[in-house]
Ligand SMILES: NC(=O)c1ccc[n+]([C@@H]2O[C@H](COP(=O)([O-])OP(=O)(O)OC[C@H]3O[C@@H](n4cnc5c(N)ncnc54)[C@H](O)[C@@H]3O)[C@@H](O)[C@H]2O)c1
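Residue numbers (my numbering): 267 to 521.
Below you can see the structure in the form of structure tokens.
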């Protein structure tokens with residue numbers, strides 16, 4: 267039980283990597299708060315975890331809304347009395363199924379730019395802004411941010427998404443520097459191509475899917491493989507690790 271007695275908030279835990287992390291964290295003894303804007307998906311994960319005997323709480327949340335974030339964090343504090351782990355996982359934008367353009371700077375409407383940064387970057391900022399004071403009071407905490415390979419190398423064709431993920435990398439480092447003195451660790455995962463609904467439509471097209479199978483490990487990753495990295499960074503096993511930008515990408519960023 268690597269997270270025994272811990273309380274963890276996972277944003278975007280209704281799908282993909284967030285859902286896999288909710289399962290992994292709960293199996294290791296954490297009470298898991300599913301902070302998700304999709305009610306149906308969030309409730310489903312809550313029910314699944316509860317029926318497996320775990321402690322889970324779904325709170326409908328849009329992480330780009332300060333009001334939503336503030337009231338969700340208050341509710342968690344009232345319910346559990348503490349917050350040990352924050353996994354800033356929710357994100358949007360790298361998907362042609364999404365309502366946003368997968369485009370370069372010249373083709374990106376300002377409205378799409380603002381919406382993507384409003385979730386992917388402002389969401390991390392807002393969640394951290396309201397959770398960190400509680401962690402300071404406790405004298406401990408672990409924050410994990412979910413960036414992307416796009417945050418560390420130039421992947422063309424989704425420039426707003428890429429900029430937002432680069433911001434998450436920079437924010438990780440500065441938050442680690444600012445709050446280390448309060449025993450708050452802040453780390454970041456940079457997933458490569460992961461088999462989730464976000465890139466599902468791309469993986470469904472064999473000619474395109476094969477482009478994602480060219481890294482050293484020669485395959486796309488599974489959400490459970492991100493969950494294991496998040497679990498390690500969340501746990502006390504990573505007690506001397508902060509400010510780390512960790513690619514979990516089958517070696518893509520190494521070549
Ligand atoms: N799948 C990939 O290949 C890949 C690669 C690198 C990074 N990522 C990042 O990993 C994270 C998880 O993505 P995923 O692959 O699991 O995708 P996903 O689409 O399966 O899951 C994302 C979840 O976030 C939720 N969400 C989105 N906006 C939200 C908001 N404003 N408030 C609350 N919840 C919101 C969605 O409803 C969904 O449940 C994202 O930050 C994504 O950018 C994904």
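Think of the CB as a built atom: it goes at the ideal place given N, C-alpha and C, for glycine as much as any other residue. Owing to the predicted nature of the structure, the values given are computational and were not obtained by experimental measurement.
I need the straight-line Cα distance from residue i to residue j, nearest angstrom please.
| i | j | result |
| --- | --- | --- |
| residue 318 | residue 291 | 13 Å |
| residue 509 | residue 287 | 20 Å |
| residue 306 | residue 461 | 21 Å |
| residue 398 | residue 465 | 31 Å |
| residue 407 | residue 441 | 12 Å |
| residue 491 | residue 514 | 8 Å |
| residue 312 | residue 321 | 9 Å |
| residue 274 | residue 485 | 30 Å |
| residue 472 | residue 463 | 16 Å |
| residue 439 | residue 421 | 21 Å |
| residue 414 | residue 359 | 12 Å |
| residue 505 | residue 368 | 38 Å |
| residue 279 | residue 304 | 10 Å |
| residue 308 | residue 400 | 24 Å |
| residue 507 | residue 272 | 18 Å |
| residue 289 | residue 496 | 12 Å |
| residue 447 | residue 341 | 27 Å |
| residue 352 | residue 339 | 11 Å |
| residue 429 | residue 370 | 11 Å |
| residue 416 | residue 388 | 17 Å |
| residue 334 | residue 327 | 6 Å |
| residue 459 | residue 285 | 17 Å |
| residue 323 | residue 376 | 36 Å |
| residue 300 | residue 451 | 21 Å |
| residue 310 | residue 316 | 10 Å |
How about residue i and residue j: are their beta carbons less than 9 Å apart?
| i | j | result |
| --- | --- | --- |
| residue 453 | residue 402 | no |
| residue 354 | residue 405 | no |
| residue 325 | residue 357 | no |
| residue 456 | residue 519 | yes |
| residue 296 | residue 350 | yes |
| residue 425 | residue 480 | no |
| residue 283 | residue 412 | yes |
| residue 281 | residue 302 | yes |
| residue 511 | residue 419 | no |
| residue 372 | residue 332 | no |
So residue i and residue j are supposed to be a Cβ contact under 8 Å. How far apart are they, rounded?
| i | j | result |
| --- | --- | --- |
| residue 276 | residue 298 | 6 Å |
| residue 487 | residue 517 | Not a contact, Cβ separation roughly 11 Å. |
| residue 382 | residue 427 | 6 Å |
| residue 396 | residue 336 | 6 Å |
| residue 489 | residue 521 | Actually they are not in contact, since the Cβ atoms of residue 489 and residue 521 sit about 23 Å apart, beyond 8 Å. |
| residue 468 | residue 437 | The Cβ separation is near 27 Å, so there is no contact. |
I'd like to know if the region 469-479 and the region 267-277 are in contact, where contact means that at least 3 CB-CB pairs between them fall below 8 Å. no
Would the region 430-448 count as touching the region 495-502 if we require 3 or more Cβ pairs under 8 Å? no
Entirely within the region 363-400 and at least 4 residues each: give me those alpha helix (DSSP H) ranges in chain order. 376-386
Assess contact between the region 361-375 and the region 343-352, defined as three or more Cβ pairs (one per stretch) separated by less than 8 Å. Is contact present? no
Could you name each continuous beta strand (DSSP E) segment of 3 residues or more that falls completely within the region 406-476, going from the start of the chain to the end? 407-412 and 450-457
Could I get the ranges of all uninterrupted beta strand (DSSP E) runs contained in the region 283-362, with 3 residues as the minimum, in chain order? 297-302, 322-326 and 351-354
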